[in-house]
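Since the structure comes first, as structure tokens, the remarks are kept for the end.
Protein chains: 2
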Amino acid sequence: MEAEQDQALKERAQRVIPNGMWGHMDAARIPVAYPQYFARARGCRLWDVDGREYIDFLCAYGPMVLGYGDPDVELAAERQRREGDIFNGPTVRLVELAEAVVGTIAHADWAMFQKNGTDAMTTCVSIAREATGRRKILVANGAYHGAVPWCNPYPAGSTPEDRAHLVRYDYNDAASLAAAAETCRGDLAAILVSGFKHDVGKHHELPMADFAGAARQLCDEAGAALIVDDVRAGFRLHMGGSWETVGIRPDLSAFSKAIANGYPLACVTGSERFRAAAARVFVTGSFWYGAVAMAAALATLDKLGGIGGIAIMERMGQRLRDGIAAQAAGRGIRLRQSGPPQMPVILFEDDDDRRKGWTFCAEALKRGTYLHAAHTMFLSAAHTEADIDRALEATDAALGVVAERFGWQ
Amino acid sequence: MEAEQDQALKERAQRVIPNGMWGHMDAARIPVAYPQYFARARGCRLWDVDGREYIDFLCAYGPMVLGYGDPDVELAAERQRREGDIFNGPTVRLVELAEAVVGTIAHADWAMFQKNGTDAMTTCVSIAREATGRRKILVANGAYHGAVPWCNPYPAGSTPEDRAHLVRYDYNDAASLAAAAETCRGDLAAILVSGFKHDVGKHHELPMADFAGAARQLCDEAGAALIVDDVRAGFRLHMGGSWETVGIRPDLSAFSKAIANGYPLACVTGSERFRAAAARVFVTGSFWYGAVAMAAALATLDKLGGIGGIAIMERMGQRLRDGIAAQAAGRGIRLRQSGPPQMPVILFEDDDDRRKGWTFCAEALKRGTYLHAAHTMFLSAAHTEADIDRALEATDAALGVVAERFGWQ
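Sequences listed follow chains P and H, in order.
Position in the first sequence (first residue = 1) + 80 = my numbering.
Position in the second sequence (first residue = 1) + 80 = my numbering.
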């Protein structure tokens, strides 16, 4: 059996983990062909527990921005580890990293660090409420901002009060944003926006200038905080923060995933106006001051900037996109590739049940290319032209199967 | 100047971090004599950035249960790191650790893993609400369960709705617990209790059998979940969970701090009855499936059990307690040492402003012994009799200063 080890682990897990797995990495959410358990990784290559090798376009759902096991990041982490990680207080790495973040993120006058993207988003919301003395938070329909009751996309285990002060709008729709803000008159604490629109299973959209400008203006007029959730997009669109691409500066931003190339870290950055409120909000965690993840972040930001990592990812993503577009066009397959090339999503037309999408991905997987049919995918700076070209051989064959099975052309 | 490096870092931090630091490790909360920044650590020894060495009785506020840089834990982590940490799914370490936890924690039929103690507590509450379809959570006055709006001891940045369904009782007071439960009739989701009462600045109390029994009985009668927050006490009182000391088994428990000897990890364990609800609650984080922290946890649990770590910590804590008691008695100093010996708090009588307590600690600090005047302290399995005896020299001199300054005897 091809996936013998994987199957054995799934069975063991069923006994000691509810339903065998939980959260976004639960392989039960994706086709059975996908492995649940992995053994090792290097660069953009990934091996599952049955020894099958993949060119990876998920990058651990985002964190691996320089590639798995990047030697420079690992060296920096190892050097710090020899001195220690957590103590009764932070190390010099905290100050160095806060300085580096303030020097990198365009709107940032200060920084604080956490462990989860959700920690960073919750902290942003608390700072906005503390600074304004107000309660309402505008959140886009379909946006993901974390997995705790106030923002969880799945309400199981939460109470209506957990999200009592959320007001919904549609991303990139300035009129809907204004209408939502209007309902909050005098009680608007913040407008929350993702770095770009990357809702699962939907076409991705970069922020439009009129929408971004309207968000900034509404916050300025109301004295509310503009919060960019850059947890997923951060350090892949623009080193200064994703909304630099539209020339709009938020008041608060949340980063995580890619900031330390896989080491657990999150970050909140803010402008001067929100500094005092940030100092008044009590947020903390046992491992938030850990120096190893901070050393990894320093090395990650330094290297990403130094090698022009974002441009590499963009170029590799464009090469993949162009190749797939040509392959699909040649077969008359209608699909749409959206999002920035370095964070793509590929959706087939007339595919509400996602059968075409998952067939495509499962066939590519068989041929050693790990794609996802609904979630944002991720390029890393470790992807080379040779990797992309090899992946394109897999997608070409996979599109052939899709054409055959679903009768295109 | 003695703390030149520390002072320089504090000044740099003021520019790029709100108020220079945040959370429980903010040295502005403790006397100026205390260093904010640390350089390295080994075993139970800690060095600050100015090269001053301390015997540490805070253990990074709990995580360092085997001592800083424990060679067996570091070796296990390093071996896993060579293969990788995070991927597009977990590794075999997840299954091994869930099995180990289920084999160690008395009430556990399953386990799930997170990064922060707060993550674990929030997950427990969500599971209890999902399982029962109810909303009310009983929480002890003064107890700390995390730093997000639903449980944050400081309300800045939260809304009243965040804690709409919390009902308060007094720890170790069965009558107050029953009265609180009575107000929830038909809507009681869970009773939340700490492994023992370890509120900051208060005498610590082990759970009393009648209180623990009453909590269990109230939950059984109401069909609610008994949740033990073992984030702070876990793996220092009893390997099977802190309430094993009173023979009462909870339905859900939260662990973190000591589970992986400093590597960022948290854990929720539960009984069979709550397995299905746990599978329905969506909780996740980018780094929650990281294999390095899980490898560290496997090594930590294995070694702690193997060497009888809890007994070592208890013995060393008792040696420290007996020594301080004799030193205080000899000078007629009235202080009270409470909590289990391995997680002590030392409070002086007639010391509401804590001046005696902090004088004692600051004088001990000068002599190379790091204590805390309000927070739970922690022994580790790396503390030896020689360490305790050296610390006792420092406490003896420090008590001498207290006696002189505050006129005892």
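Ideal Cβ positions, reconstructed from N, Cα and C, are used throughout, including at glycine.
Being a predicted model, the structure only gives us computed values, none of them experimental.
Neighbours of G149 of chain P in chain H, taken as residues whose beta carbon is under 8 Å from its own, are G164 in chain order. With the criterion set as a beta carbon lying under 7 Å from some beta carbon of chain H, the members of the stretch 89-108 of chain P are L89, R92, A93, V96, I97, P98, N99, W102, G103, H104, M105, A107, in sequence order. For C347 of chain P, the enclosing beta strand (DSSP E) covers residues 346-350. The C-beta distance from A294 of chain P to A258 of chain P rounds to 7 Å, short enough to fall under 8 Å. Taking the CA atoms as reference points, T475 of chain P sits about 12 Å from D402 of chain P. Judged by DSSP in its simplified three-state form, A462 of chain P adopts coil rather than helix or strand.
Shortest Cα-Cα distance from G147 of chain H to any of H:A340, H:C264, H:A358, H:G103 involves H:A340. According to the DSSP secondary-structure assignment, S274 of chain H is paired through a beta bridge with H:D309. From the beta-carbon of P229 of chain P, the residues of chain H found nearer than 8 Å are T202, S206, W230.
With 16 or more other Cβ atoms inside 10 Å of its own Cβ, P115 of chain P counts as buried. Counting other Cβ atoms within 10 Å of its Cβ, D432 of chain P stays below 16 and is therefore classed as exposed. Residue P:W190 holds the alpha-carbon nearest to the alpha-carbon of Q94 of chain H among P:M144, P:W190, P:E133, P:A88. Interface annotation, M192 of chain P: in contact with chain H, CB-CB separation under 8 Å. Under the 10 Å beta carbon count, P143 of chain P is surrounded by 16 or more other beta carbons and is classified as buried.
In the DSSP assignment, K282 of chain H falls outside any beta strand (DSSP E) and carries neither an H nor an E. Setting aside the 5 residues that flank it on each side, Q160 of chain H is surrounded in the same chain by R173, A371, V372, A375, each with a C-beta closer than 7 Å to its C-beta; the list follows chain order.
Leaving aside the five residues that flank L415 of chain P on each side, the residues in its chain whose CB is nearer than 7 Å to its CB run, in chain order, A408, I426, L427, F428, E429. A461 of chain P is not a Cβ neighbour of D152 of chain P, given a cutoff of 8 Å. Exclusion of the five residues before and after S274 of chain P leaves A223, D309 as the residues of its chain whose Cβ lies within less than 6 Å of its Cβ. Taken through DSSP and simplified to helix, strand or coil, L268 of chain H comes out as strand.
The C-beta of F167 of chain P comes closer than 8 Å to at least one C-beta of chain H. Nearest CB-CB separation between H278 of chain P and chain H: not below the 8 Å threshold.
Residue burial annotation: A255 of chain H is exposed, with fewer than 16 other C-beta atoms found within 10 angstroms of its C-beta.
DSSP places E133 of chain H in the strand class (E or B) of the three-state scheme. By the Cβ criterion, the stretch 336-351 of chain P is not in contact with the stretch 174-187 of chain H, since fewer than three pairs of Cβ atoms, one from each stretch, lie closer than 8 Å. Beyond the five residues adjoining it in sequence on each side, R470 of chain P comes within less than 7 Å, by CB distance, of I135 in the same chain, given in chain order. Those residues of the stretch 303-323 of chain H placed with their C-beta closer than 7 Å to a C-beta in chain P do not exist. By the neighbour-count definition (other C-beta atoms within 10 Å, threshold 16), P229 of chain H is a buried residue. The distance from the Cβ of G365 of chain P to that of I185 of chain P is about 22 Å, inconsistent with a contact at the 8 Å cut-off. If you look at R209 of chain H, you'll find it in the alpha helix (DSSP H) that goes 197-212. Among the bridge pairs identified by DSSP, K216 of chain H is matched with H:L268. DSSP, reduced to helix, strand and coil, places D128 of chain H within a strand of the structure shown. Nearest neighbour of G437 of chain H by Cα position, chosen from H:Q422, H:A236, H:G397, H:G480, turns out to be H:G480. H284 of chain P has a beta carbon lying at 8 Å or more from every beta carbon in chain H.
Taking W102 of chain H as reference, the option from P:L218, P:Q194, P:L317 with the minimal CA-CA separation is P:Q194. Scanning its chain for C-beta atoms nearer than 8 Å, with the 5 sequence neighbours on each side dropped, one finds around Y141 of chain H the residues H104, M105, K337, H455, F458, in chain order.
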